[in-house]
Structures are given as structure tokens and as C-alpha cells.
Amino acid sequence: MIQLIKLEYKSFFRSATLGGKIAAKIFMWLSYIYIFFMTIGLAFVHGSGGAAFIKQEADVENPFLLLNSNMLFYIFAFWVVGRYFGQATPIINMKPLLLLRIKRDKIIRFSLNKTIFSFFNLISILYLLVFSLTIYSPEKFDLTQLIFWNLSMYLILYITNFLNIYLNKKDRVVIVLGVILAIVYALDFFQIFSFNPISEWIFYMFYEDKILVIIPLIILAFTYYRVIQFFKNNFFIDTGLRKKVMEAKQDNLDFLNRFGDMSTFLRNDFRLIKRSKRARTTALMSLLFILYGLIFLGTQDLLGDTMLFFGYLFSTGGFIFTFCALVPSWDSQHYPFMMCQNIKYVDYIKSKWYLGSFGVIIATIIALPIYGFFGSYHLIAVLSCGLFNLGVNSYLTLWAGAFTKVKIDLNSFKNAMGNSKAFNSKTLLLTLPQMVLPLVLYWAVSTFFGHTIGCVSVGSIGILGILFKDLVLNIIIKTYKIEKYSTISAYKETN
Amino acid sequence: MIKIRNITKTYSKETVLKIDYLDINSGQTFGLVGNNGAGKTTLFSALLDLIKPTTGEVLINGINVRTSEDWKSFTSAFLDESFLISYLMPEEYFYFVGELRNFSKKQVDEFLKQFEDLFNGEILGGKKFIRDLSKGNQKKVGIVAALIGDPEVIILDEPFANLDPTTQIRLKKIIKTLSQKVGVTVLVSSHDLQDVTEVSDRIVLLEKGLVIKDIKKTKKTLQDLETYFNKE
Chain A
1 MIQLIKLEYK SFFRSATLGG KIAAKIFMWL SYIYIFFMTI GLAFVHGSGG AAFIKQEADV
61 ENPFLLLNSN MLFYIFAFWV VGRYFGQATP IINMKPLLLL RIKRDKIIRF SLNKTIFSFF
121 NLISILYLLV FSLTIYSPEK FDLTQLIFWN LSMYLILYIT NFLNIYLNKK DRVVIVLGVI
181 LAIVYALDFF QIFSFNPISE WIFYMFYEDK ILVIIPLIIL AFTYYRVIQF FKNNFFIDTG
241 LRKKVMEAKQ DNLDFLNRFG DMSTFLRNDF RLIKRSKRAR TTALMSLLFI LYGLIFLGTQ
301 DLLGDTMLFF GYLFSTGGFI FTFCALVPSW DSQHYPFMMC QNIKYVDYIK SKWYLGSFGV
361 IIATIIALPI YGFFGSYHLI AVLSCGLFNL GVNSYLTLWA GAFTKVKIDL NSFKNAMGNS
421 KAFNSKTLLL TLPQMVLPLV LYWAVSTFFG HTIGCVSVGS IGILGILFKD LVLNIIIKTY
481 KIEKYSTISA YKETN
Chain B
496 MIKIRNITKT YSKETVLKID YLDINSGQTF GLVGNNGAGK TTLFSALLDL IKPTTGEVLI
556 NGINVRTSED WKSFTSAFLD ESFLISYLMP EEYFYFVGEL RNFSKKQVDE FLKQFEDLFN
616 GEILGGKKFI RDLSKGNQKK VGIVAALIGD PEVIILDEPF ANLDPTTQIR LKKIIKTLSQ
676 KVGVTVLVSS HDLQDVTEVS DRIVLLEKGL VIKDIKKTKK TLQDLETYFN KE
């Protein structure tokens, strides 16, 4: 056991991430600390009845009952589904150990037990603990009963922990759970049916009756046993440890042919999005961005028109800010190949511009009816933001891409969120001028000449950008040519 | 076909490549041998403009590879797995390369027929992406793709490594056939002296970035090379 801990220690301190990417690590720890204090704060607010106050529901004065009545939802939402996205199976990096003289059982137990101390679990326990401490007063609660209620909750938490490790291989189960969860939430939100009384009844029982702690204990023991059995039977190089292989299917992308020469590249980029989890997640995230403007709808009185304009810039440009910010990194694994093929560098870059434009146009087409519904004021704003993203921001992103030089491992197991490099500080920095420029322009013009002229001025700069496409791309390609060699060598580095 | 003039590559004072003068004629099959770190891959990378040489220039068919991109239309290469697009199926990858070289799908299909033996039924028509193929099969895909579209210069780095014996023999046959074609220049590097002498008609031995031997292949070449590497 000690040796295994030592190995873990070394793998952490000798990892390449520690050497070069300390900033990412610090960022991670800062967010851990942030979450740590937020959890304490949240638990305290909930415990002291703040939630009931905010909700202004007079009948739920007792925060303990409130928590119990929401427990069912939390457990599924946070503990089962949330964990699925945030936590990777611990077994995967155990491959080299299989050949050593360590008992198979020991390796499995170790990697499973390690998850007991995962951040996710500790933070949940912390919440329950702080919450219990806050609500406790001798008149209202029985201490031993409360302790036993806590114990039961911890045990349930760990049931979900091991259940999740077991489920990690089964995407469908999680999707089904997620859908059920959304339905339950919707039913409750629209006040059709509430599961809260059932939830309250179930979880309050654990407080009323100490002996019930036995139930989660037994279930936990059983789950733990099952998971161990599962890995014992599957813990071989050829089965459990092998990465999942997606079955390849021919796809029909003939509709892209109308883009002429560019279709050759667009087809590949579409396939990338379809077949690489990392790229798919990023592209889907950009779709969510379309709804970003909704946040600022109706806040004009409070925040002013410019903030709404800001929202629309994101709505139409989500694809550029997320996906295209990592161009040409998406091709990092075969960049040398691209550099040797029978294509002009500028054509290759142009194809990437088309890809970005595609994203902007689609987002604008989707966003127009959504926001246009609220009137022509919004219609014009969305349209001008779309044009600006198309004619200016697409180039800026592409230009910055020459400096990004982040290698993306398309075949990695990690979730998009699990990989700290998905958040590149440089690309984030670049969104600043991309936002500030049109905002300042819009703000200045609209203050004097009104909203419509403001939008027109921003939009016409976009149109200018589109008209001078070849000229701008020829400038961008110069940077790419200078950076070419260091980009190739940066993509070669293994991390 | 290829002219190398005063090429050096220096990484923080350490010179890894220094070739003053090297001409490779059209139609030649050029074998590059040397130990690890001899500079074989560096030389090939410089030919393909993947690294920027510290000094000197490379001309392919009179075109300076650093200033013009025209050499790309008749040059192809397979250096390592970074020449593969992992998320494509082998067919899609071949069609992609074909399209770039103005080969229609039909032409590519026709072209691939001659490699049925080499593919051994494991590459085409399968349900796998390139990323899920074995290392050996990936290599086959990369090498065959480099031959699509009648390139005049073909650069292959360590084509024989990681391949099973049957495939090695088949690949050697393919390279020999290529070299008999008029005007096709093939550059091959290898650790394996026997493989490389078998296919090449000229051998250059690199050692720490320098050209140590530059010989026309004769019956004695393999023996010579073995003696050279033995004494070290």
C-alpha cells in the first residue's frame, strides 16, 4: 500500500504539468479553495434558514426539513450526474502496475479507496457537516440522531461514489438518469407534481430512526463488493482497461461539396466534431452560447443597452470564441502532414476561416428568431453582432491561432472539462479586444445617434471585413509562416 | 532533383546537422543510414520545410522550399504518425490525400487495388478509425497515402520499423518497383542496414549530423556498412 502511495506521489510531482503548467495548477487550487469557502458559506446560509427566506416560503421554516425534501433531487443531480462529468474512472492509469508483483486485489482496492478522498466527496461531506453544525441547537435537535442522520447521508454519498465508478462505462444509464432528473425538475418547477414530500419522508426517517443507518450501510457494502468484483473480472489489459472503441461509419457529407475546394477541409472538420469527444463537447458548448443573450434581456433598465449588445456578441460568436480559438490546435496531431500536402498554406487557413464563418452564420440564423421575437430592436442588434463576428472577430481569432500553439490530444480519455488546457489563458485574453472594440463603438455611436445607427456602424465594419477577406487573410498568413516552425515543434512535444 | 547547400541545424550550440553539399538526382533511390541521433529525421524535416535550418538552403527541382510552396505539388512524405489524421477512416484519409493531389475517388480506389496484399484485409472496408488501428497498420496507411497521386519525390522515414516480416518484404518490393519508374526519386532512412541496402542504389551514412560515407551500392556495400558500425 505504501509503495502505491509513493507512486501516486511521484506521478504527481514529476508530471510534466508541474514543470511547465504551474499556472494551471494554481488556477485549479484557487478554484478548489473558492469552492471550499463557497460550500461553507452555502451550508451556513442554508442552515440558518436563509434559503427559506430567499424563497419566501413561510411553510418551510425548518431548514432541516427543506434540505430533506430536496435531498432526492440533490443526490441525483449533484452526486450521480454531476459526478459523471467531473470524475474520471480511477482505474485507467493502473495499466503498468498489472505486471508488477502487487496483488490484483490490492491495486483495485487502492484505486477505489483513493476515490473516498476525492474533492467531490469531501466537499459534499463538508457541506453536510457545516449545515448540521449551523442548524444544531439542543432544544430543536437530538445530537445522536443528527449524527446518525449525517452518517446515513455520508454512506449514501459513497454509494453514489462507487455506483458512479461502475456506471462510468455506461453512458446510456447516465443519459436516462439525466432525462428523468430534468423531468422531475420541470414537474416541480411548473408545480405539476412535487417529489419533495416523498423525499422529505424518506430522508427524515433517517433522523427519526437511528437504526435505519443499517440500510445505506448494507447497500454501500454491497455496492463496494460489486464494484470490486466487476473490476476483478474486467481488470485485464484486453477488457476493462482498454479504451472504448467507437465503431467507424461512413458518413455522407456531400452537401458540403457546394463549398468547392474548401469542402475537402470542411468535411474533415465536420468529422472531427463528430468523432472526437473533445471537439464535440466544445462545439456543443458554443451552441449553448446562443442563449447567452437571454441573460441580459430585460436588464436594459438596470445595465444599459451596451450590456445587451455584449450578450448578443457572445450569442452569435460562441463558436469563434470556443471552437475556433483552438484553431489550428485541432490539427496539432497532424500538423506536419498538413504542411507537406499539396495545398497552399493560405488555402488551409482560409478553410479554417470558412469553418468559423459557418459557425457564426448558423448561430446568427438560430439567434435571429429567438431574439427577433422581442422586436426589431433586437433583430438589428443580433444581425450587426453576427456581421461583426463574421467580418472582424473571425480574423482576430484566426490570427491569434498562429500564437496559440497548444497541443490537443484528440484521443485522450479525459473529459473536456478535466483537461486544464481546454482553458487557455491567451485565448481568453484575446476575447477582450474582440469584445471591447465593438462595444466601445456601439456605445459611443448609439449615445449620440441612437441604437439603430450604433448597430449599423458596428455591422458595416463587419461587412468591410468580409469584403476585404483575401487581403486580410494574406496578412494573417504572414504571421502563420513566421510561426510555422515553432508551432510544429510545440505540437511535437509530449506532455 | 534535390540540392542541399550548406545546411546546418544548431540547437543551442549543439550542431545536429551539417551538410555542405549533397545532390540527389532524379530517379535515384536514396538510402540514409545512421545511428540514433545521426540527423536522419532532421535532414528529412529540413527537406520538407518542417524545421528551419540555421544556415543553408534546400532546392527541390530548383524550388527553394523555404520561399515557395510549389514543391508540395510533386513531393510527398511519411515521417511518423503525425502524418495521419487519427479520426478518419483509412478510406477517407486516402480520398482526402487524393483530392489534394487531384485524384478522384475512382482513381484512388483503382490505385489502392495494387496494395490489397499489403493491406491484408485489415485496412479497407473495416469499421475502424485510423486511431484504432495497430501501429503497423497505421504505418501501412501512411506509406500508401504518400504514394497517391504520382509524386516525383517520396520521402519515407524508417518505413520498415514496426512492420511484420511479410509486410517488410512486400514494402521492399513496392519501393523497388517505384524506383524503376522513370523520374521518381525515393528517399528512405532506416536503422536496418540490410533493408536499406536492398532497396537503394545509393547509400549515405550520417554520423552526428555529418556525411561520413556516400556510396553507390555494390555487392560489397552491406558488408562495408556492417564493418563500419561494428568497429564503434
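Protein chains in written order, with my numbering: chain A, 1 to 495; chain B, 496 to 727.
For glycine and all other residues, C-beta sits at the position ideal for the given N, C-alpha and C.
- A Cβ-Cβ contact shorter than 9 angstroms links Leu628/B with Pro585/B.
- A distance below 7 angstroms between beta-carbons, with the five flanking residues on each side excluded, links Leu272/A to the following residues of its chain, in chain order: Ala279 and Trp330.
- Residue nearest to Leu595/B within the set Gly260/A, Thr115/A and Phe44/A is Gly260/A (criterion: CA-CA distance).
- Look at Met584/B: its C-beta is under 9 angstroms from a C-beta on chain A.
- With a threshold of 9 angstroms between beta carbons, Gly551/B makes no contact with chain A.
- Not flagged as an interface residue toward chain B: Leu284/A, since no C-beta distance is shorter than 9 angstroms.
- One finds Gln333, His334, Tyr335, Pro336, Phe337, Tyr491 and Lys492 in chain A with Cβ atoms closer than 8 angstroms to the Cβ of Ser577/B, taken in chain order.
- Beyond the five residues adjoining it in sequence on each side, Gly317/A comes within less than 6 angstroms, by CB distance, of Asn389 and Asn393 in the same chain, given in chain order.
- In the structure shown, Val677/B falls within a coil segment according to DSSP collapsed to helix, strand and coil.
- For the C-beta of Lys344/A, the chain B residues within less than 9 angstroms are, from N- to C-terminus, Glu564 and Lys567.
- Excluding five sequence positions before and after Gly459/A, the CB atoms of its chain that fall closer than 7 angstroms to its own CB belong to Leu383, Ser384, Leu387 and Phe388, given in chain order.
- The distance from the Cβ of Leu542/B to that of Val560/B is about 7 angstroms, consistent with a contact at the 8 angstroms cut-off.
- One alpha carbon belongs to Ile669/B, the other to Ile707/B, and they sit about 28 angstroms apart.
- Taking the beta carbon of Ala248/A as reference, the chain B residues within 8 angstroms of it are Met584, Gly621, Lys622, Lys623, Phe624 and Asp627, listed in sequence order.
- Taking Asn657/B as the centre and dropping the five residues before and after it, the same chain places the C-beta of Lys630, Gly631 and Lys634 closer than 8 angstroms to its C-beta, in chain order.
- Within 8 angstroms of the CB of Thr264/A, the CB atoms of chain B belong to Phe591, Glu594 and Leu595, in sequence order along the chain.
- Burial is judged here by how many other beta carbons sit within 10 angstroms of a residue's own beta carbon; Val440/A has fewer than 16 and is exposed.
- With respect to the 9 angstroms criterion, Ile219/A and Ile159/A are classified as neighbours on the basis of their beta carbons.
- Here the alpha carbons of Pro328/A and Tyr335/A stand approximately 8 angstroms from one another.
- Secondary structure at Thr713/B: coil, using DSSP grouped into helix, strand and coil.
- Residues of the segment 636-664 of chain B with a Cβ closer than 7 angstroms to any Cβ of chain A: none.
- At the C-beta level, Glu721/B and His686/B stay beyond 9 angstroms of one another.
- For a Cβ distance threshold of 8 angstroms, residue set Gln333, His334, Leu410 and Asn411 of chain A lies close to Ser581/B, ordered along the chain.
- Straight across, the Cα-Cα distance linking Asp347/A with Met262/A is about 8 angstroms.
- Rounded to the nearest angstrom, the gap between the Cα atoms of Lys711/B and Leu326/A is 48 angstroms.
- With its beta carbon less than 9 angstroms from one in chain A, Leu543/B belongs to the interface.
- Judged by DSSP secondary structure, Asn501/B falls outside any alpha helix (DSSP H) and instead within the beta strand (DSSP E) spanning Ile497 to Tyr506.
- Excluding residues up to 5 positions away in sequence, Ile499 and Val706 lie with their Cβ nearer than 7 angstroms to the Cβ of Leu517/B in the same chain.
- Contacts with chain B (Cβ-Cβ distance below 7 angstroms) from the segment 270-284 of chain A involve Arg271, Leu272, Arg275 and Ser276, listed in chain order.
- Residues of chain A whose Cβ lies closer than 7 angstroms to the Cβ of Ile546/B are, in chain order, Tyr485.
- Shown here for Pro548/B: same chain residues with a beta carbon closer than 6 angstroms to its own, the five before and five after excluded, namely Ile502, Lys504 and Ala541 in chain order.
- Boundaries of the beta strand (DSSP E) around Ser571/B: Thr570 to Phe573.
- Not a single C-beta of chain B is nearer than 9 angstroms to the C-beta of Asn70/A.
- Chain B places a beta carbon closer than 9 angstroms to that of Cys340/A, counting this residue as a contact.
- Taking Gly359/A as the centre and dropping the five residues before and after it, the same chain places the C-beta of Phe319 closer than 6 angstroms to its C-beta, in chain order.
- Inter-segment contact for the segment 438-452 of chain A and the segment 359-370 of chain A is absent: fewer than three beta-carbon pairs are separated by less than 8 angstroms.
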